[in-house]
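Per my numbering, the sequence shown starts with residue 1, numbered consecutively.
Note that the Cβ used here is the ideal one computed from N, Cα and C, for glycine as well.
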Amino acid sequence: MASAGQQIANIGAGEQRKRVVFGLVALVAGAVIAVLLIAVHAPLLWRLPLILVFYAGALGLFQSRDKT
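See below:
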């Protein structure tokens with residue numbers, strides 16, 4: 001039985017790598033789109049959906065780090 005400080009991974013190395021790649025791609029894509037939208041002075045409502053892109057990227061990286 002695992003102690004309170006230990007975690008048991010439920011994904012393999014390949015799936016971890018997929019989540020890291022997805023997280024990085026989503027964060028970079030979000031940053032590029034954000035810069036482009038700011039450069040063309042797009043309204044805030046056009047930039048607001050980027051929250052979902054950044055959330056997905058962060059979620060992928062956090063899941064990979066925690067091996068879940």
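Taking the alpha helix (DSSP H) that residue i falls in, what are its first and last residues?
i: Q63; result: L50 to D66
i: Q16; result: A13 to A39
Do you know how far the Cα of residue j is from the Cα of residue i?
i: L61; j: K67; result: 10 Å
i: G23; j: G30; result: 11 Å
i: I38; j: G57; result: 20 Å
i: V25; j: W46; result: 20 Å
With C-beta atoms as the reference, is residue i less than 9 Å away from residue j?
i: I11; j: R19; result: yes
i: S64; j: Q16; result: yes
i: A34; j: L50; result: yes
i: F54; j: L27; result: yes
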